[in-house]
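Numbering-wise, this note's numbering puts 71 at position 71 of the sequence shown, and it's gapless, one number per residue. Where a beta carbon is used, it is the ideal one built from N, C-alpha and C, also for glycine.
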Amino acid sequence: MVPPTSDEYKSILNKFDQAMRGHYNQIVHIQRVQNERWYMQYLAHSRDFQNRLHADTEQRLYHGCPELAAHSISESCFNRSYAGINGTALGAGVYFSSEATYSHGYTRPNANGERCMFIARVLVGKTTGGNSSMKTPPPGFDSTSSGSAFVIYHDAQAYAEHLITYK
């Protein structure tokens with residue numbers, strides 16, 4: 001857990017508070033997700049993107065989900081095998097948003113009224129519009145997008161950095 005008195009916690013809280021604009025009452029806790037294997041895969045992917053695109057295309061984006069999915073993501077990172085559970089409007093991949101309120105719509109309260117949302121490092125790369133029939137981005141592209149929503153098609157394209165549990 002990230003200590004509530006730390007600068008890291010305060011920074012995340014401040015950004016989350018601004019992004020959620022009153023859509024929550026309190027932070028229960030913030031967990032730093034640490035999975036060395038997935039992080040190393042993410043870094044390798046990041047280097048590939050840097051070399052290929054000659055640009056930093058990493059964004060910190062939100063991913064809301066039910067509690068059970070949050071535990072799975074914390075252990076095994078993001079998994080496209082579950083694509084389609086909440087729809088595939090932009091393609092059959094893992095969805096993220098720059099808008100926390102959008103991702104909030106995909107959370108589900110547990111028995112205590114707690115919800116889960118990740119802040120993830122996402123390599124959006126070269127992006128294009130998507131549609132529900134896509135299982136991969138078109139040749140020459142790395143993700144699909146509708147502006148604030150992004151869909152990735154390779155699990156190592158994102159790393160779950162923090163899990164926010166809130167009410």
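Rounded separation between Q34 and E161 - CA only: 7 Å
C-beta atoms of T165 and E114 nearer than 8 Å: Contact: yes.
Can you tell me where the alpha helix (DSSP H) with M134 in it begins and where it stops? Premise fails: M134 is in no alpha helix (DSSP H) and is neither H nor E.
Check whether the stretch 27–41 and the stretch 3–17 are in contact - that is, three or more C-beta pairs closer than 8 Å. The answer is yes - the stretch 3–17 touches the stretch 27–41, with three or more Cβ pairs under 8 Å.
Given P3, which residues of its chain have a CB within under 8 Å of its CB, disregarding the five upstream and five downstream residues? Beyond the five residues adjoining it in sequence on each side, P3 comes within less than 8 Å, by CB distance, of Y9 in the same chain, given in chain order.
In the DSSP assignment, the beta strand (DSSP E) including S143 goes from what residue to what residue? 143–145
Checking 8 Å against the spacing of the C-beta atoms, do W38 and C65 come in under that value? Against a cut-off of 8 Å, the Cβ pair of C65 and W38 comes out as no contact.
Secondary structure at R37, three-state DSSP: helix, strand or coil? helix
Residues bridged to S97 (per DSSP): Y62, A149
Please state the DSSP three-state secondary structure of M117. strand
Closest to N110 by C-alpha separation, out of L90, E67, S74, would be which residue? E67
Are the beta-carbon atoms of T127 and T107 separated by less than 8 Å? no
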